[in-house]
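Just so we're aligned, residue 8 is where the sequence shown starts under my numbering, counting upward by one.
What follows is a single structure, written as structure tokens, with notes after it.
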Amino acid sequence: MLAGHSIINGATRQGSNGTFTGVDPSTGAKLEPPYSSASLEDLEFAASLAEEAFEVYSRTPGRERARFLRHIADGLESIAAEVVERARQESGLPEPRLKGELARTMNQFRVFAQLIEEGSWVNARIDPALPERKPLPRADLRSVLRPLGPVAVFGASNFPLAFSVAGGDTASALAAGNPVIVKAHPAHPGTSELVGHVLSRRRVERGQLVDQLTCGLVDL
Numbered sequence: 008m009l010a011g012h013s014i015i016n017g018a019t020r021q022g023s024n025g026t027f028t029g030v031d032p033s034t035g036a037k038l039e040p041p042y043s044s045a046s047l048e049d050l051e052f053a054a055s056l057a058e059e060a061f062e063v064y065s066r067t068p069g070r071e072r073a074r075f076l077r078h079i080a081d082g083l084e085s086i087a088a089e090v091v092e093r094a095r096q097e098s099g100l101p102e103p104r105l106k107g108e109l110a111r112t113m114n115q116f117r118v119f120a121q122l123i124e125e126g127s128w129v130n131a132r133i134d135p136a137l138p139e140r141k142p143l144p145r146a147d148l149r150s151v152l153r154p155l156g157p158v159a160v161f162g163a164s165n166f167p168l169a170f171s172v173a174g175g176d177t178a179s180a181l182a183a184g185n186p187v188i189v190k191a192h193p194a195h196p197g198t199s200e201l202v203g204h205v206l207s208r209r210r211v212e213r214g215q216l217v218d219q220l221t222c223g224l225v226d227l
């Protein structure tokens, strides 16, 4: 059942910045429930949680992150019928198109899971030391790609699933070890809430699932 609130720290949070509703573009009818817009205080709260989560999540091994991404894909698959129907109501897009978009979204999470298990994406490099170099010797140089920190993702109006709460941007950020804050598009808030709950229930800390990795903001 849709609550009409943001999802922060695994729980719904009512905003204080006014309300809006999704609209069925085929009829112009407003869709229930009304959604409360997040405030700057909500954003700051989500950002502080994401920063805390980064300290843990950025250090999780690739196999653990891969398990996390597959949990998300499985969760999306479990609500496929419900989320496609809500996306159809909010976007006016045909059901076959939305089913394909959802399949693409789930596949992205699973492909990224395979990639981070394999490990070469970190692009680890070692340049051997040059002890005989003149005028000064050089120590060995080592580099590896590392996560940067919390990532903000903005939903797109024309892709309610593939470029939204659990789209490719979110999948790639989570695969790299970055927590995510999502600003969902107001054209499809119900779709975003359904998907947001899937992500908020699948989370990782010290090998166990916890809340803070993804903090979904419905609207700012």
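Using N, Cα and C, we set each Cβ at its ideal position, and we do this for glycine too.
Exposure of residue i, with buried meaning 16 or more beta-carbon neighbours within 10 Å
i      : result
Thr34  : exposed
Phe116 : buried
Gly25  : exposed
Asp5   : The first residue shown for the chain is 8 and the last is 227, placing residue 5 beyond what the model contains.
Pro157 : buried
Gly99  : exposed
Ser171 : buried
Pro101 : exposed
Glu39  : exposed
Nearest residue (CA-CA) to residue i, options the options
i      : options                       : result
Ala10  : Pro196, His192, Thr67         : Pro196
Ala146 : Pro138, Val187, Glu84         : Pro138
Leu83  : Gly69, Glu62, Lys106, Ser65   : Lys106
Ile79  : Gly22, Thr28, Phe119, Met8    : Phe119
Ala194 : Gly17, Gly29, Pro103          : Gly29
Pro135 : Leu148, Arg153, Ile123, Ala45 : Leu148
Asp49  : Pro68, Ser65, His12           : His12
7 Å CB neighbourhood of residue i in its chain, flanking five on each side removed
i      : result
Glu108 : Phe166, Leu168, Ala169
Phe52  : Ile15
Lys37  : Thr28, Val30
Ile86  : Leu201, Val205
Rounded Cβ spacing between residue i and residue j (contact assumed at less than 8 Å)
i      : j      : result
Arg93  : Leu201 : 6 Å
Leu152 : Asn130 : 5 Å
The beta strand (DSSP E) enclosing residue i, as first and last residue numbers
i      : result
Pro103 : Unbroken run through Pro103 is the alpha helix (DSSP H), 102–125; no beta strand (DSSP E).
Ile188 : 187–190
Val160 : 158–161
Val129 : Taken as a continuous stretch (DSSP letters only), Val129 belongs to no beta strand (DSSP E), as it is neither H nor E.
Arg149 : 148–150
Arg93  : Segment 87–98 is the alpha helix (DSSP H) holding Arg93; no beta strand (DSSP E) there.
Beta-carbon proximity list for residue i, same chain, < 8 Å, skipping 5 on both sides
i      : result
Val90  : Leu83, Leu109, Leu168, Thr198, Leu201, Val202
Pro144 : Ala136, Leu137, Pro138
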